[in-house]
Amino acid sequence: MPGITLGDTVPNLEVETTHKNFKLHDYFADSWTVLFSHPGDFTPVCTTELGAMGKYAHEFEQRGVKLLGLSCDDIQTHKDWIPDIEAFTPGSKVTYPIIADPNKEIIPQLNMIDPIENGPSRALHIVGPDCKIKLSFLYPSTTGRNMDEVLRALDSLLMAAKHKNKIATPVNWKPDEPVVISPAVSDEEAKKLFPQGFKTAELPSKKGYLRVADVS
Ligand code: BEZ
């Protein structure tokens, strides 16, 4: 995936959106943002994805996280498309801004390109309040994303950030489930960080690296 990736600062582009024009860093300031791209308006998969984002909007809002879409068409086409999006997904409201990129000039700068097609992808960056990319998905245009997974991955990032990356989340983790303690944390430090205790898995290697803590 050439271009900006995990840990990189998203360029502070001036963007035109369905709400107003702004610089990306002004939008990202002081909160986490889910920035997601779409190949084009009035296309079937994109219509379902933007509808799902509208339906999940309250989940992101509850977490203090902003949404920011991008589709490779102009503002008027975006505005004409929104009634279709909301009609197809009952309960969906497209309350979030959608960036216009009719000339596909922004997607390369945000590394939202499908290198096989050399065209727009279904990319998604979760951006931290420091304007840096914390997680990226890159899907081809033929595969719609899973919004439950977007939310689950976001919850993992928020949980790790809350614990200063001293924890990580295991396979298929969901909020309220136990987390694992980072290998960089010694048992002594873990005892201080997790006074409620933690369990070390007994494994054939006898190496005590898999430590589970309940932080809910
Ligand atoms: C779609 O959103 O359905 C779509 C867009 C571009 C290529 C293929 C599918």
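Per this note's numbering, numbering of the sequence shown is gapless, rising by one per residue and ending at 257. Backbone N, C-alpha and C fix where the C-beta goes; we use that ideal spot for every residue, glycine too.
Just curious, the beta strand (DSSP E) that residue i is in, first and last residue?
i: L111; result: 106-112
Give the single residue among the options whose Cα lies nearest to the Cα of residue i.
i: T118; options: A242, S223, T58, T210; result: T58
i: K173; options: S72, K248, E55, F63; result: S72
i: P131; options: T89, L109, N152, I148; result: T89
i: P211; options: R252, D67, I123; result: R252
i: S223; options: M200, E243, K215; result: M200
i: K120; options: L108, F129, A141; result: A141
i: G105; options: V226, L111, Y97; result: Y97
i: P85; options: D125, K207, L109; result: D125
i: E127; options: L111, E190, F83, D228; result: F83
i: P273; options: P181, E230, G238, V256; result: Here the chain comprises residues numbered 42 to 257, so residue 273 is not present and cannot be evaluated.
i: F77; options: I147, A70, E243; result: I147
i: Y68; options: D196, T241, I139, T46; result: I139
i: I157; options: Y180, V135, K145, T136; result: Y180
i: A254; options: K247, E229, E218; result: E218
i: L91; options: W122, Q103, I116; result: W122
i: F99; options: K248, M188, L234, V221; result: Residue 99 is actually His in this sequence, not Phe. Looking at the Cα atoms, M188 is the closest of the given residues.
i: L198; options: W214, G160, K145; result: W214
i: A225; options: Y250, G81, G238; result: Y250
i: R193; options: S182, L176, T241, A70; result: L176
Provide the residue(s) that pair with residue i in DSSP beta bridges, ordered along the chain.
i: R252; result: T241
i: H166; result: L76, S177
i: P161; result: I154
i: A141; result: S112
i: V56; result: F63
i: T130; result: Per DSSP, none; premise fails for T130.
i: T50; result: K173
I'd like the span of the alpha helix (DSSP H) that includes residue i, first residue to last.
i: V86; result: 85-103
i: D82; result: Taken as a continuous stretch (DSSP letters only), D82 belongs to no alpha helix (DSSP H), as it is neither H nor E.
Quick one: is the Cβ of residue i within less than 7 angstroms of any heavy atom of the ligand BEZ?
i: T118; result: no
i: C113; result: no
i: V86; result: yes
i: T183; result: yes
i: P80; result: yes
Please tell me whether residue i has its Cβ less than 8 angstroms away from any Cβ of chain B.
i: F69; result: Checking the listed chains, one finds no chain B in this structure; it contains a single protein chain.
Return yes when the C-beta of residue i is under 7 angstroms from any heavy atom of the ligand MN, and no when it is not.
i: P52; result: This structure simply doesn't include the ligand MN; it includes the ligand BEZ instead.
*Can you list, in chain order, the stretches of the alpha helix (DSSP H) that have 4 or more residues and sit fully within the segment 200-244?*
As far as the segment 200-244 is concerned, its whole alpha helix (DSSP H) runs of at least 4 residues are 228-234.
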